[in-house]
Amino acid sequence: MKISNFSVKQLTVLASIFMAATFVICYLTFRYFFTYDLAVERAFNQQQEEVHRVKTLLKLQKNELAKNLMDYASWDEIADYIAGENDDLLQDSLNDHTFSALEVSGIFIFDPHVSLVWGRLYDYVKHKELSYAPIRYKFGALLADSLRSPTDKLTSVVKFLVLDGQSHLMATSRVCNSEGVDCDKGFMMMIKPVGQEFSGTLRQATGLAVEIKTKDEFESFDTLTENVSVIEKLDFQNDSTVFVEIHHSVKIPDFITWRELSAVLAFAVFMFGFNLALAHIIVRPVKRVCSALDSLISGNASTLTEQDSFISYEMRDFVYRINEVFNQLEAKQKELEWLALHDALTKVGNRRSLQQYWDALVEQCGERHISLLLIDIDYFKPFNDHYGHIEGDHVLQQVALCLEQAKTQCDKFVARFGGEEFCVVLSSQAKIENQQEAEWLRAAIVELQISHQYSPIADCITVSSGVADCALQPLEELQDIFLVADSALYQAKDLGRNQCVVHSL
Numbered sequence: 001m002k003i004s005n006f007s008v009k010q011l012t013v014l015a016s017i018f019m020a021a022t023f024v025i026c027y028l029t030f031r032y033f034f035t036y037d038l039a040v041e042r043a044f045n046q047q048q049e050e051v052h053r054v055k056t057l058l059k060l061q062k063n064e065l066a067k068n069l070m071d072y073a074s075w076d077e078i079a080d081y082i083a084g085e086n087d088d089l090l091q092d093s094l095n096d097h098t099f100s101a102l103e104v105s106g107i108f109i110f111d112p113h114v115s116l117v118w119g120r121l122y123d124y125v126k127h128k129e130l131s132y133a134p135i136r137y138k139f140g141a142l143l144a145d146s147l148r149s150p151t152d153k154l155t156s157v158v159k160f161l162v163l164d165g166q167s168h169l170m171a172t173s174r175v176c177n178s179e180g181v182d183c184d185k186g187f188m189m190m191i192k193p194v195g196q197e198f199s200g201t202l203r204q205a206t207g208l209a210v211e212i213k214t215k216d217e218f219e220s221f222d223t224l225t226e227n228v229s230v231i232e233k234l235d236f237q238n239d240s241t242v243f244v245e246i247h248h249s250v251k252i253p254d255f256i257t258w259r260e261l262s263a264v265l266a267f268a269v270f271m272f273g274f275n276l277a278l279a280h281i282i283v284r285p286v287k288r289v290c291s292a293l294d295s296l297i298s299g300n301a302s303t304l305t306e307q308d309s310f311i312s313y314e315m316r317d318f319v320y321r322i323n324e325v326f327n328q329l330e331a332k333q334k335e336l337e338w339l340a341l342h343d344a345l346t347k348v349g350n351r352r353s354l355q356q357y358w359d360a361l362v363e364q365c366g367e368r369h370i371s372l373l374l375i376d377i378d379y380f381k382p383f384n385d386h387y388g389h390i391e392g393d394h395v396l397q398q399v400a401l402c403l404e405q406a407k408t409q410c411d412k413f414v415a416r417f418g419g420e421e422f423c424v425v426l427s428s429q430a431k432i433e434n435q436q437e438a439e440w441l442r443a444a445i446v447e448l449q450i451s452h453q454y455s456p457i458a459d460c461i462t463v464s465s466g467v468a469d470c471a472l473q474p475l476e477e478l479q480d481i482f483l484v485a486d487s488a489l490y491q492a493k494d495l496g497r498n499q500c501v502v503h504s505l
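In this text, residue positions in the sequence shown follow the UniProt record's numbering: the first is 1, and each later residue adds one.
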């Protein structure tokens, strides 16, 4: 079966079926091997599990600190020390070993009036005393939650605290008796650092890269990637001052891998080649039509091309119809060319043809005498208002024809300038008698004897003329010469109309 027996529609159907089948196979293959949405959801759920593990460990650390504090706060020895009855407490129970065993860096004891009885900040790793001056005047705020706690049972409050630019956990509670009641003996506070060592503990416990940063160290959420989560922690003033940055071990997969991209590109190249070949087969006859059109435009052919030389019957029908349309366009083109240079109503020249005629005269400047006349129908508006626009159009046609046929001793070009105004260009090798030429045109209009009962100067249509006499002078811009003729026209109107006035350049 020859391909010439197929229509464009059939070729398109065959190509579409092939492309659709190819796309379905490639799509199903892609869906089978690369399930991106499911992979993202799975990775996201695993990241949430990692976040939950970190939160659980943070909670355990807070619970452990709270438990240690409550153990001490329920000692009778602490209550006795506050009352001044146990001087051996510091040496026996709150020594350097206590700080190291509890992994705390600060212990503070207060009386019921929140006055500091004893306090110490101590680096148990470096065995170095630290200053607690930064929080010396904040004890009231630090103990605010414990001040509001009940006095009939032992409770503790754990918050985050930034001290000397480092993150800490702070636990506070009331001091009770050994039964955990009568909690009005005073207050106690423990501070535990949660810096690099604590981050290392979290890494070991979770297998994740976890960093604990203060507000000053943490830049912005905008700089984080989708594989990093942040847990905000509030301090004793309920401000976000500590951030736990979790770098997930499970990464969100890329939308497309190099392997996938290579497969897609290979498919795209294949489809491009196929479509290119198909388009070549379909477009080749169209190119032949275009070539025939070019030949026809240049006048080398009378029709586009032979219809039987095309593959499909649609293209044959297309060429047949194009041949018919082109013959009609050729006729219309001549009509459009005429309309482009003539006024449709009066059949005389328009402004465009006037400019072309003037440009031709400019080339002959110095050899011919030239004059430009502006002619205006007197009291044309009252004529239109009383006789109607149809009669007004008829008058314009009669005046235009009369101007073209009127007596003259010069070469003459007539154009409609706009509305009821006409422009006449006179040119001659000899000197032009402008007054006589303008009078001949004026008289010719009067001889038409077109009735105008509403004209105050005559009982028929008359015209006023303004003449710009260019003589043999170098021609300036047409617009400037129009201004001279227009000035003469206005003078003719001021003098009573139905007359001619000549101005020289």
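For every residue, glycine included, the Cβ atom is placed at its ideal position computed from N, Cα and C.
Residues bridged to residue i (per DSSP)
i: D120; result: In the sequence under discussion, the amino acid at residue 120 is Arg, which differs from the Asp named in the question. Looking at the DSSP assignment, R120 forms a beta bridge with I107.
i: H52; result: Looking at the DSSP assignment, H52 forms no beta bridge with any residue, so it has no partner.
i: I191; result: G106, M170
i: H342; result: G349
i: K233; result: V242
i: P247; result: For clarity, residue 247 is His in the given sequence; the question names Pro instead. Note: H247 sits in a beta bridge opposite A209, V228.
i: V175; result: G186
i: T214; result: V242
Nearest-angstrom Cα separation, counted from residue j out to residue i
i: D40; j: P253; result: For the sequence presented, residue 40 should be read as Val rather than Asp. Straight-line Cα distance between these residues: approximately 6 Å.
i: L169; j: D184; result: 24 Å
i: N45; j: V51; result: 10 Å
i: I375; j: V463; result: 6 Å
i: K128; j: F99; result: 12 Å
i: L234; j: P150; result: 23 Å
i: residue 546; j: F383; result: Lying outside 1 to 505, the shown extent of the chain, residue 546 is not represented and no answer is given.
i: R120; j: R42; result: 49 Å
i: V362; j: Q333; result: 29 Å
i: A266; j: E260; result: 10 Å
i: L102; j: S249; result: 31 Å
i: L475; j: V325; result: 45 Å
i: L495; j: E337; result: 41 Å
i: I135; j: A66; result: 20 Å
i: Y72; j: I78; result: 7 Å
i: L478; j: Q355; result: 8 Å
i: M1; j: D317; result: Residue confidence is low: M1 scores 46 on pLDDT, short of 50, so the model does not pin down where it sits. Its coordinate-derived value is still stated next. For M1 and D317, the distance between alpha carbons rounds to 22 Å.
i: K412; j: V424; result: 7 Å
i: residue 506; j: I25; result: An answer regarding residue 506 cannot be provided, because it is not within the stretch 1 to 505 covered by the chain.
i: Q364; j: C410; result: 15 Å
i: L373; j: C470; result: 11 Å
i: K126; j: S105; result: 11 Å
i: Q398; j: A360; result: 28 Å
i: Y379; j: D486; result: 17 Å
i: D96; j: Y124; result: 7 Å
i: I390; j: K493; result: 26 Å
i: A133; j: D164; result: 10 Å
Own chain partners of residue i with C-beta closer than 8 Å, once the 5 adjacent residues on each side are dropped
i: Q237; result: A141
i: M271; result: M19, T22
Beta-carbon proximity list for residue i, same chain, < 7 Å, skipping 5 on both sides
i: S167; result: F160, V194, G195, I212, T214, V242
i: N350; result: L341, H342, D343, A415, R416
Chain-order list of residues whose beta-carbon lies under 6 Å from that of residue i (same chain, five-residue window excluded)
i: T172; result: L143, S146, V157, M189
i: A444; result: C402, A406
i: I231; result: V244
i: A400; result: T346, V348
i: D385; result: none
i: Y357; result: F413
i: H452; result: F383, C460, I461
Minimum Cβ-Cβ distance from residue i to chain D less than 8 Å
i: S146; result: Among the chains in the structure shown there is no chain D, since it carries only a single protein chain.
- prompt: What are the complete beta strand (DSSP E) segments, minimum 3 residues, inside the UniProt domain "GGDEF" (368 to 505)?
  reply: 369 to 377, 411 to 418, 421 to 428, 463 to 471, 500 to 504
query: What are the complete beta strand (DSSP E) segments, minimum 3 residues, inside the region 119 to 162?
result: 128 to 130
field: the region 351 to 371 touching the region 422 to 432, judged by at least three CB pairs closer than 8 Å
entry: yes
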